[in-house]
Ligand SMILES: Nc1ncnc2c1ncn2[C@@H]1O[C@H](COP(=O)(O)OP(=O)(O)OP(=O)(O)O)[C@@H](O)[C@H]1O
Ligand SMILES: [Mg+2]
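Residue numbers (our numbering), protein chains in the order written: chain G, 181 to 519; chain L, 159 to 423.
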């Protein structure tokens, strides 16, 4: 059979006692691509990854790897490379022995093993630390060793659980690019778990947004970002303004709202156009965050709705708290969501 | 010393003095040239050391004690390590209860344990006293083995074992290449503790002694009840020296920080 997917979840569930951590998810991990599982804490990302790796047996459904049923196979029978959040390096072994561990188990001969260990360490730029112990390395270096160790066995899939969350901000940005580079150099199918939407947007070929053990939306960042499927995904991706309409709601990003003094003519007629008042201003250098209270014609409640506009400081009109303003957005920036 | 906490520091010093002062008197009297235990001693000689190492009852009791302590240490670990693994890594319900149960020999008075063993094993089953003592000491050391190896097991990140599995190691292989090497300081400290505790044990050994098999502390206790010469002091000094030697070896090979880190956590 032709193999187009690296792995597949078919109605996979994980129930702990009476709590459903993963609820019958269907998911295809494409071959040679980077897939991210994105969602807030507790939504079942790690649980899904551990089921794929064989550390947790699904309580329902099937897991296929390269088309074969691996639902009940233990981790050592799966040939997957896993990078743990705590890195989980073997503290009593040198860096080289850590990376060579999986190769030794595969009975790769000594000289071949040394060569492949060196290659894996060169790929992450750490060949010079082959003789060190893990505890002599920085967090970022340990992370690279963990990646080299997982990649050295030439796994069918590379799995990473929040690989960047323990690194400082600067290193995190650097490692995003590094993991992408390793993925494209090796052509590996990668699954990366994260709760950071920027990370998912920047790194993914395919992103899978989860909530409460269910998949909310999946697709390329280019598909998902401009067209969130529901309010949860929209909020998670930074859409902050939700305006009720007759039978649904529309959402728009803060940077796509225009705010002008009331008397100026409305910029658009067929887009969003609301009257409102400035309730707060926060100057942030490059931009100004304007918090607004708007009258909502479609709303059932008499209270004004809260909107946030993110204006470029250089072009923003001169606003004061309490100003009566016109709030507009062009139709291309509006996303209609189910109510 | 921490000079910013004078009260705590003084108490610590006082504690050391209270602990070490009696040892000091024993050590001094062991070097006496006279034939009674007296302080200050009558002159200086090594005659009581010579007497100690040539006194047959002490030396055969020493051999018995060492034998028993080694057996108790090995046997309690052989049982204790798997139990610690089951408690910390296994998926068994009621782990807390199980752990509490394995701690219980520490709570039951040793004399009660001894009496039970005496009645059931020696009288009831007709076992000889060596076997019964070996069982008794193993039972007494077992909780230490479970606790100490369990404490160092709890310090090992389970993800490390998961990582080995993911790289292709069977559970057995993971245990021998990852868990066991990481557990080595814990096992070493448990063995040391079990060995020393068994070697120094009096209540159980006293109850289960026989003419053929008697441990050193019991034999020494017997001896001081009838004689009052410095041979007991010199024997004690030799035991002390042996213990210090073991401690130095332990410090050199594993390190106290690791050993007692394992116990304290
Ligand atoms: N062994 C377990 N027993 C009971 N509940 C569990 C177990 N493992 C996970 N859970 C629960 O399942 C839910 C999903 O957990 P999971 O670790 O998959 O979340 P996550 O998406 O990885 O979150 P985070 O971002 O915090 O890591 C959580 O509510 C968690 O408390
Ligand atoms: Mg997680």
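Backbone N, C-alpha and C define an ideal beta-carbon position, used for all residues, glycine too.
Original post:
Tell me, which residues are paired with residue 218 of chain G by DSSP?
Top reply: G/374 and G/389
**OP:** With 9 Å as the limit, tell me which residues of the region 286–303 of chain G have their beta carbon closer than that to any beta carbon of chain L; keep them in chain order.
**Re:** Those residues of the region 286–303 of chain G that come within reach of chain L (Cβ to Cβ, closer than 9 Å) are 286.
Original post:
Under the three-state reduction of DSSP, which class applies to residue 363 of chain G: helix, strand or coil?
Top reply: helix
Subject >> Contact test: residue 264 of chain G Cβ vs ligand 1 heavy atom, cutoff 6 Å >> reply: no
**OP:** Would you list the residues sitting across from residue 436 of chain G in a DSSP beta bridge?
**Re:** Answer is none; residue 436 of chain G lacks a bridge partner.
Original post:
Using a beta-carbon distance below 7 Å, is residue 264 of chain G in contact with chain L?
Top reply: At least one chain L Cβ lies under 7 Å of residue 264 of chain G.
Subject >> DSSP-derived helix/strand/coil call for residue 379 of chain G >> reply: helix
**OP:** Evaluate residue 393 of chain G with the Cβ neighbour count: other Cβ atoms within 10 Å of its Cβ, from every protein chain shown; 16 or more gives buried, anything less gives exposed.
**Re:** Result: buried.
**OP:** Using a Cβ cut-off of 7 Å (strictly closer), state whether residue 256 of chain G contacts chain L.
**Re:** Contact with chain L is found for residue 256 of chain G, since one of that chain's Cβ atoms lies less than 7 Å from the residue's Cβ.
**OP:** Look at the Cβ atom of residue 287 of chain L, then the Cβ atom of residue 368 of chain L, and state whether they are nearer than 7 Å.
**Re:** yes
**OP:** Mind checking which residues open and close the beta strand (DSSP E) that includes residue 240 of chain G?
**Re:** 240–245
Subject >> Any chain L beta carbon closer than 7 Å to residue 319 of chain G >> reply: For residue 319 of chain G, the answer is no, since every Cβ of chain L falls outside 7 Å of its Cβ.
Subject >> For residue 517 of chain G, the residue or residues it bridges with in DSSP >> reply: In the DSSP output, where bridge partners are listed per residue, residue 517 of chain G has G/429.
Original post:
Listing by chain order, which chain L residues have their CB less than 7 Å from the CB of residue 260 of chain G?
Top reply: 324
Subject >> Through-space distance from residue 336 of chain G to residue 200 of chain G, alpha-carbon basis >> reply: 28 Å
Original post:
CB-CB under 7 Å to residue 363 of chain L, same chain, minus the five flanking residues each way: which ones, in chain order?
Top reply: So the qualifying residues of the chain are 291, 373, 375 and 376.
**OP:** Thinking residue 304 of chain G and residue 327 of chain G are a contact (beta carbons under 8 Å), I'd like their distance in whole angstroms, please.
**Re:** Your pair residue 304 of chain G and residue 327 of chain G checks out as a contact, with CB atoms roughly 6 Å apart and the cut at 8 Å.
Original post:
Under 6 Å from any heavy atom of ligand 2, does the C-beta of residue 253 of chain L make it?
Top reply: no
Original post:
Taking 6 Å as the cut-off, is the CB of residue 391 of chain G close to at least one heavy atom of ligand 2?
Top reply: The beta carbon of residue 391 of chain G sits no closer than 6 Å to any heavy atom of ligand 2.
Original post:
Under a three-way DSSP split, which group does residue 288 of chain G fall into?
Top reply: coil
Original post:
Could you give the uninterrupted runs of the alpha helix (DSSP H) lying entirely in the region 159–217 of chain L, keeping only those of 4 residues or more?
Top reply: The qualifying runs are 164–188 and 205–212.
**OP:** Give, in chain order, every residue of the region 324–342 of chain L whose Cβ lies closer than 9 Å to some Cβ of chain G.
**Re:** 324, 325, 326, 327, 328, 329, 331, 332, 335, 336, 339, 340 and 342
Original post:
Three or more C-beta pairs closer than 8 Å, one from the region 281–300 of chain G and one from the region 344–361 of chain L: is that the case here?
Top reply: Output reads no: the region 344–361 of chain L does not touch the region 281–300 of chain G.
Original post:
Measuring from the CB of residue 226 of chain G, is there a heavy atom of ligand 2 at a distance below 6 Å?
Top reply: Result yes, Cβ under 6 Å from ligand 2.
**OP:** Find the nearest neighbour of residue 352 of chain L within the set L/330, L/385 and L/298, judged by alpha-carbon distance.
**Re:** L/298
Original post:
What is the rounded straight-line gap between the Cα of residue 172 of chain L and the Cα of residue 197 of chain L?
Top reply: 22 Å
**OP:** Determine the contact status of residue 192 of chain G and residue 209 of chain G, defining contact as a CB-CB distance below 7 Å.
**Re:** no
Original post:
With 16 as the cutoff for other CB atoms within 10 Å, does residue 230 of chain G come out buried or exposed?
Top reply: buried
**OP:** Report the residues of the region 206–233 of chain G with a CB closer than 9 Å to any CB of chain L, ordered along the chain.
**Re:** Look at the region 206–233 of chain G: the residues with a C-beta under 9 Å from a C-beta of chain L are 230 and 233.
Original post:
So what does DSSP say about residue 396 of chain G, is it helix, strand or coil?
Top reply: strand
Original post:
How would you list, in chain order, the residues of chain G whose beta-carbon sits under 8 Å from the beta-carbon of residue 239 of chain L?
Top reply: The premise fails here: residue 239 of chain L is roughly 17 Å from chain G at the closest Cβ pair, so nothing lies under 8 Å.
Original post:
Buried or exposed: residue 220 of chain G, going by 16 or more other Cβ atoms within 10 Å of its Cβ?
Top reply: exposed
Original post:
How would you label residue 295 of chain L, buried or exposed, when you count the other beta carbons within 10 angstroms and need 16 or more for buried?
Top reply: buried
Subject >> Sequence-distant residues of the same chain with beta carbon closer than 8 Å to residue 250 of chain G, five excluded per side >> reply: Leaving aside the five residues that flank residue 250 of chain G on each side, the residues in its chain whose CB is nearer than 8 Å to its CB run, in chain order, 234, 243, 244, 257 and 258.
Subject >> Residue nearest to residue 187 of chain G in terms of C-alpha spacing, selected from G/270, G/225 and G/339 >> reply: G/339
Subject >> Contact test: residue 513 of chain G Cβ vs ligand 1 heavy atom, cutoff 6 Å >> reply: No, the beta carbon of residue 513 of chain G sits no closer than 6 Å to any heavy atom of ligand 1.
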